[in-house]
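Every position in the sequence shown, counted from 1, becomes a number in my numbering once 534 is added.
Glycine is no exception: its CB is placed at the ideal position from the N, C-alpha and C atoms.
Keep in mind that this is a model prediction, so the values were computed, not measured.
Scroll down for the structure; my scribbles are underneath it.
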Amino acid sequence: MTHAGFIGLGSQGAPMARRILDAGLPLTLWARRPESLEPFAGTKAQFASSPAELAAACDVVGVCVVADADVDEVVLGTSGILAGLRPGAVLAVHSTVHPDTCRRLGALAAERGAHVVDAPVSGGGPGASAGRLLVMAGGSTEAVERCRPVFETYGDPVVHLGPLGSGQVTKLLNNVLFTANFGIAASALALGRRLGVEPERFAEVAGHGSAASFALGRLAASGCDPVVLGSRAGGLLGKDVGLAGALAGDAPTEAVLAQARAALEQMGAPLEAEKAEKTVKPEKE
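This is the structure we're talking about:
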């Protein structure tokens, strides 16, 4: 039976870990904030004293922290995951980060005979609790299949997209497209208001017609105010749009990126995107 480890017990990671437990798989946890472990007291979960100790006990180690620097913090160093990762074990990066971060960690893991799979997810805490996260996996077929018993406790579907880094690229594109769609929906509502149609009424009608979209639904749920969603998710969306912009360079994807940046401005969150795009550079392989 696959022994899973998990680090990153936030609003999404905690229900993912809970699903692993509920499936009956052995689970070891570690957290940067000890209070994150409190909901798992009295369960069958084991607690490790460091990421390295956790990795030494596990076949698959999932990491669900926020950004590239957070991933490096828990993976690298004398007490990091890589220090304890066993030959044949897999580190699964559920965070949405630069693909080159995962490729760099993959090269380091390979020196220990271990593997890295990039496996960003979509669906949030509710999706994790229901076991319906979309898992976008990149890595060797062997490594992804080793992770599948764990991924399928919280993910449906689990999609293998190609080599290491493919999952991150796909997740970034997904978030760029969502952001762009959100901006288009917000513009349509604003135009409707100028033409005499209240945004709430237009959103209700469009949500039942051919113009329906997930982004429009999120906008409607936010009271038709893009700044409301920006206050909740603008920082993360800005990070992802910036990462995608750094990846794209001069590729002919500028239209969707331009619209996504415009949407971030509507949300009141443009600086996050600009900062991410200017500071994150792909590493040479």
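Thr562 sits close to Ala591, with the two beta carbons spaced by under 8 Å.
Within the same chain, Cβ atoms closer than 7 Å to the Cβ of Arg682 are found at Val692, the five residues on either side in sequence being excluded. Under DSSP, Thr562 forms a beta bridge with Gly539 and Gln580. Ranked by Cα distance from Ser756, the options Glu738, His742, Val594 and Pro560 are led by Glu738. Proximity of the segment 773 to 781 to the segment 715 to 723 falls short of the contact definition, fewer than three beta-carbon pairs being nearer than 8 Å.
Counting of Cβ neighbours within 10 angstroms places Phe736 among the buried residues, the total reaching 16 or more. DSSP, reduced to helix, strand and coil, places Asp593 outside both helices and strands of the structure shown, so it counts as coil.
Between the segment 621 to 635 and the segment 653 to 663, the count of C-beta pairs closer than 8 Å reaches three or more; the two stretches touch. Beta-bridge pairing by DSSP links Val703 to no other residue.
Of the candidates His649, Leu616, Gly596 and Ala722, the residue whose Cα lies closest to the Cα of Val669 is Gly596.
The three-state secondary structure of Leu729, taken from DSSP, is coil.
The straight-line gap separating the alpha-carbon atoms of Leu639 and Gly730 is approximately 54 Å.
If you draw a straight line from the Cα of Ala746 to the Cα of Ala538, it comes to about 39 Å. Two segments are said to touch when three or more pairs of C-beta atoms, one from each, lie closer than 8 Å; by this definition the segment 577 to 584 does not touch the segment 699 to 712. Cβ-Cβ distances below 6 Å link Pro560 to His537 in the same chain, with the five nearest sequence neighbours on each side left out; the list follows chain order.
Ala754 is the residue among Ser744, Ala754 and Ala749 whose C-alpha sits nearest the C-alpha of Pro733. Under the three-pair Cβ rule at 8 Å, the segment 790 to 800 does not count as touching the segment 614 to 629.
Nearest to Arg666 by alpha-carbon distance, out of Leu781, Ala780 and Arg553, is Arg553.
In summary, Ala579 is buried, with 16 or more beta-carbon neighbours lying within 10 Å of its beta-carbon over all protein chains present.
For Gly768, no beta strand (DSSP E) segment is defined; the enclosing uninterrupted segment is the alpha helix (DSSP H) at Pro760 to Ala782.
The Cβ atoms of Gly673 and Leu706 lie no closer than 8 Å to each other.
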